[in-house]
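Residue numbers (the working numbering), protein chains in the order written: chain U, 122 to 406; chain Z, 174 to 373; chain W, 2 to 298.
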Amino acid sequence: MLAVSARDLGWKYSGRNNFAIEHVDLDIEENTFVSIVGPNESGKTTLVSCIKGLIPSSFHGVWRGEVEVFGEDVRTKSPGELAKEIGFVFSDPEAQFTAMTVEEELVFGLENIGLPLAEIEGRLRWVSEVAMIEDLLDKPPYEISGGQKQRVAIASVLAMKPRIFILDEPTSMLDPLGKDFIFQILTNLKQEQDLTLIVVEHNIEQVAPLSDLMVLVYNRGIAKAAPPAEFFEDIEFLEAHGIQTPQATAFANLLKQQGLLQGSLPIHFDDAVAAAEDVLASAPD
Amino acid sequence: MEENVWALEEGEVRRPGIVHIVMLALFTGIGIVVGTFGSLAIPIGFVSAFWPGQAIQAVGSIWYGMWGGIAAFVFPLISNAMSGSAPLPVSLAYIPANFVQGMAAGWSFRQFKCHPALKTGKDWLVFTLIGILAANAFGAAWGTTVLRLFGLITPDAHSVAWAGWFLGNSVASWVLGALLLKFISPLVIRTKAFCKGYWA
Amino acid sequence: MAQTTQPVRKMRRTLLGTIPVTSPLYQLHPATRFISLLFLGVVSMFIDLPEINIALLILILVYMRWARVDISGLRIYLPLMFTVAIFMFTVSIAFPGDDPTFHAFEFLGITLYLEPLYWTFASYWRLMAMLFGTIQYFSTNRERDTLVAVRALKVPFVVTYFLSLALRAAGMFMEDMRTIREAERARGLDESSMSLSDRAKLYAMYMIPLFTLAIRRADEISNALYARGYRPSGKVEGGGKRTDYILTKYKIRTLDIVLIVTQVIIFTVVGVLRIGFGVFAVTQSPLRQYLLTLMSG
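Structure below.
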C-alpha cells in the first residue's frame, strides 16, 4: 500500500511571489526508508510539512494538488489523527520541547491522545531504551546536550507509534558524535520497526546506505526519485544539482569511468572496498 | 495614504489558535525575566521602582491584543514574587492596574490606527500620551492606593509615592517600549501571532 | 599525599536557586508546598505585630535550612531589604501626620514620632515576612513542582499548560540572559562599576535578542504542539479527558493532608480574629507598649 501519494502538489506561502514547491508527484511505499535531499531553499521542508498536514493548517498560503496518506486526503484528517499517524521531528530540538523534564516530554503526546496510564508507562520504558535516554528522564530538556535533545525529540514522537515518521534535518545542529547516535537510532528503527521513515538530510554519506528511495528536491520540484543504486548512476547530474555523492560511490565512479568497474555503483563503504579488491584482483601483474 | 496595518486584507480570515496561546506563554516568560531582573538589578524599592515591565505590558498588547493584556497582569504576579517587589496579596490587588497598563496602548493603537513601528508623529504621540503617561498615571494611582489599603504606606506619603512610581515607570517604559516597537514591530507584523483585532 | 574526595551532592535547579535531590522537603506533595506559598505569602497580611512577623521570618529561614537550601543565595535580596527600609522610614519621618496624641522625641536634632515610626517598623516586618514567604517557595520548588501542584488542585488544563509553558519560557530566557551576560563579562564588561543609567541601557540591549528569540520560537513551538496532537481544551479528540500521567507519580500522604488542613485552619482563624476582633493589631504589640511606657516614664 502507498503510505504517501502526492499529485501535482504545490504550495505558496502568504506574502511570497513564488511557489515554494509546485507540480510535485511522489509515491512512497509503506515501510520504506526515504531520504529527501537537495540544496537549501529547494522546498524539502515544505514538502514534508505538506505530508504531515502542518501545511495548510498552520500556515497561510495557496495550496494546489493533493496529498494522500494511506489513501486519505491529508487535509481531511483531524489534528488528532494526523498526530497519531504521522510523527514529525524538527531540526531544532529546543523548539519542540514544551515540558519541564524529559519524562514529561516523552509522555506529552501520549497524554494528548488519551492513552491509558499502563500503556503510557510501557511506551515510556520502550522508547527510552530505543533512544538510549533512560538516565535523562528526570532532567530538564534544556539542560542536556544537543545530541541528547535530539534523541529526546525523536523518542517523544516515536512514543506515539506513528505509521509514518518524518525527520526534518535531524542532525543539522549536532556534532559528529551526536550525528552518529542519530543515525544509529535510524538504523535500528529501520531494522526493527514497521515504519515508513522519511528523512530530510544533507548528510548523504550516512543517509544513502539506509535508503530504499532517494528523492532529490531541486528548484521547487522533484528532479529525481530512485533507489540509491539508480540515484547515483549520473554523478555529474547530482553534483550539478547541489548533491555531494558519498566518497565511496565517487571513488567507484572513477573506476567505472576508467572501464575497470561494471554494473551499478556501490553505496556502502564495504561494497566499494569489495569492488576495489575485485579490480585489483583482476589487474594484470 | 497612511498604511493601516490593522485592516484585514480582502478574503483574509484570522482566528485565535495554538500560536496565540504559545505567544502568550512566551511573552509571560519574558515579562517574568524582565520584571525579576529589572527589580533586582536596580533595587530602589517597591514604590518608586524603576520597572521596565510596563514596557512589556504596553508592547505586548499592541502586538497581541488581549493576549498581551492577559500576559500584562499574569507575569507581574510571578516576577514580583521572585524579585521580592510585592507580596502575593498585593500583586493580586494590582491586577486591574496591570491590565490597564497593558491594554491602554493596545486599545489606543487600534482605535487611532497607529502603526506599531511608530512611523508617524501621531503614532509617537498616542504611544507617549496614552500608552505610557495615561497608563502609568492610572497604574500608579491604583498601585499606591493598594499599598495604602494594605498599610504599607501612610496617607501622607500617598502623593509622593504616586509621583515616584509614575515617573520611575514612565521613563523606563517609554525608552524600552519605543526601542522594542521601532525595531521589532516589522518582524512581529509578519508573524501568524500578530493580532489585528483583539484576539487574532 | 592522599586526596580526600567530597561526596557529590546531586542538586535540582529551582526557579531561584538549587535544592538537593535528597531534601526532606520532597517528602511532601507539591500541592502541600504550594499551599505553603499561599499560607506563608499571605497570612502576614492579617498580622501587624512585628514580634510575630519577625518570628515567622525566622521560621521561614529555619524551614529553608531544614530543606537544605543554600540560604546564602538570599543575599541578592539584601539590597532590596535595605532600600525598602530606607524608603519606608524616610517617608515616615518626612510625613508623620499631625495627630496631637503622637509621642514625640528628639534624635540627632530631628523631631520624630513614635506611633508612625512604629507603624512603619511593623509594616516593614509584615512586608518582609510575606515576601520571604513567597521567596521560600520559589527557592525550594521547580517549575514541575508548581505544575503538579496546580494540576492536583484541579486548575483547568488550558491554564496549567499555559503556566507550564510560561515558566519554561522564563527558565529558557533566564538561561539566554545568563549566557549573554557571561559573554559580556568574558569580554571585560564589569556591571558593578557601571552607573544606574548605563545598566538600564544594558538591559535594553538584552531585550532585543530575547524578543526575536521568542518570536521565532512561538511559531516553532506551536507547530510542534500541533504535530503532537495538543488541544488547548485538554479534551481528547472524540471525547474523553486527557490522561494525566505525571500526577500519578505523586501520592498525597497523611502528613500532606495534616499540613494542608493545619495551614488552612490557622489562616482562617488568624483572618477571623484580625478582621472580626482586631487581634494582632499593632496597638497590641508588647514592644510598642514597652516603648510607650519608656517614653511616658
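C-beta: ideal position from N, C-alpha, C; glycine also.
Which stretch, first to last residue, makes up the alpha helix (DSSP H) that contains U:D355? Careful: U:D355 lies outside any alpha helix (DSSP H) and carries neither H nor E.
What do you get for Z:L322, buried or exposed, if any count of 16 or more other CB atoms within 10 angstroms of its CB means buried? exposed
Under a Cβ-count criterion, where at least 16 other Cβ atoms within 10 Å of its own Cβ denotes burial, should Z:S142 be classed as buried or exposed? Past the boundaries of the shown model lies residue 142 of chain Z; chain Z is included only from 174 to 373, so the question cannot be answered.
In angstroms with no decimal places, state the Cα-to-Cα distance between W:E144 and W:F35. 11 Å
Chain W beta carbons: is any one of them nearer than 8 Å to that of Z:I375? The displayed coordinates of chain Z run from 174 to 373. Any statement about residue 375 of chain Z would go beyond what the structure contains.
Contact with chain W by U:G384, beta-carbon distance below 8 Å: no
How about Z:L353: is its C-beta nearer than 8 Å to some C-beta of chain W? At least one chain W Cβ lies under 8 Å of Z:L353.
Step through the CB atoms of chain Z and report whether any lies within less than 8 Å of the CB of W:V43. Contact of W:V43 with chain Z is assigned, a C-beta pair being separated by under 8 Å.
So W:V85 contacts chain U; which residues on that side make the cut at Cβ distance below 9 Å? Contact note: W:V85 does not reach chain U at a C-beta cutoff of 9 Å; the least C-beta distance is about 32 Å.
Could you tell me which whole alpha helix (DSSP H) segments of length 4 or greater appear in the stretch 308-345 of chain U? 325-328
Name the one or two DSSP bridge partners that U:D289 has. U:V321
Beta-carbon proximity list for U:M122, same chain, < 7 Å, skipping 5 on both sides: E151 and F191
For W:M195, which residues in the same chain have their Cβ closer than 8 Å to its Cβ, ignoring the five residues on either side in sequence? L203
Could you tell me whether the Cβ of Z:L360 comes closer than 8 Å to any Cβ of chain W? yes
Does any residue of chain W have a CB that is nearer than 8 Å to the CB of U:S179? yes
Once you ignore the five residues that flank U:E240 on each side, which residues in its own chain have a CB closer than 8 Å to its CB? L231
Hey, could you find the ends of the beta strand (DSSP E) U:W184 is sitting in? Residue range G182 to V190 is occupied by the beta strand (DSSP E) that includes U:W184.
With U:K133 as the anchor, note down where its beta strand (DSSP E) starts and where it stops. L123 to Y134
Would W:P210 pass as an interface residue toward chain Z - the criterion being a Cβ-Cβ separation below 8 Å? no
Is the beta carbon of U:K270 less than 8 Å from the beta carbon of U:E322? no
Interface flag, W:T33 vs chain Z, CB-CB below 8 Å: In terms of beta-carbon proximity, W:T33 stays away from the interface with chain Z, with every pair separated by 8 Å or more.
So which residues of chain W does U:E225 contact, with C-beta pairs closer than 9 Å? R145, L148, S165, Y246 and I247
Taking the alpha carbon of W:L226 as the point to measure from, which residue in Z:P189, Z:V195 and Z:R188 has its own alpha carbon closest? Z:V195
With a cut-off of 8 Å on the beta carbons, I'd call Z:S256 and Z:G208 a contact; round off their distance for me. 7 Å
At what residues does the alpha helix (DSSP H) containing U:P348 begin and finish? Careful: U:P348 lies outside any alpha helix (DSSP H) and carries neither H nor E.
Reduced DSSP category for U:V210 - H, G, I as helix; E, B as strand; rest coil: strand
Could you pull the start and end residues of the alpha helix (DSSP H) that W:T255 belongs to? T255 to F278
For a test of the three-state rule: what should DSSP assign to Z:H423, helix, strand or coil? Residue 423 of chain Z lies beyond the range of chain Z shown here (174 to 373); nothing can be said about it.
Please report whether the beta-carbon of Z:T121 lies at a distance below 8 Å from any beta-carbon of chain W. Past the boundaries of the shown model lies residue 121 of chain Z; chain Z is included only from 174 to 373, so the question cannot be answered.
Which whole runs of the beta strand (DSSP E) in the stretch 7-59 of chain W are 3 residues long or more, in chain order? 12-14 and 19-21
How would you list, in chain order, the residues of chain U whose beta-carbon sits under 9 Å from the beta-carbon of W:Y231? P200, A204, T219, F229, G230 and N233
Chain U residues whose Cβ lies nearer than 9 Å to that of W:R223: Note on residue identity: the sequence assigns Ser, not Arg, to residue 223 of chain W. Correct list: S179.
Please list the partners that Z:T333 has in chain W, where partner means a Cβ-to-Cβ separation under 9 Å. Looking at the sequence itself, residue 333 of chain Z is Val, so the reference to Thr does not match. The contacting residues are V92, A95 and F96.
Pull the bridge partners of Z:S258 from the DSSP assignment, please. Per DSSP, none; premise fails for Z:S258.
U:L310 and U:F316 - do their beta-carbons sit closer together than 8 Å? At residue 316 of chain U the sequence reads Leu, which differs from the Phe that was named. Yes; because the gap between Cβ atoms is below 8 Å, this pair is in contact.
Within 10 angstroms of its Cβ, does W:T33 collect 16 or more other Cβ (buried), or is it exposed? buried
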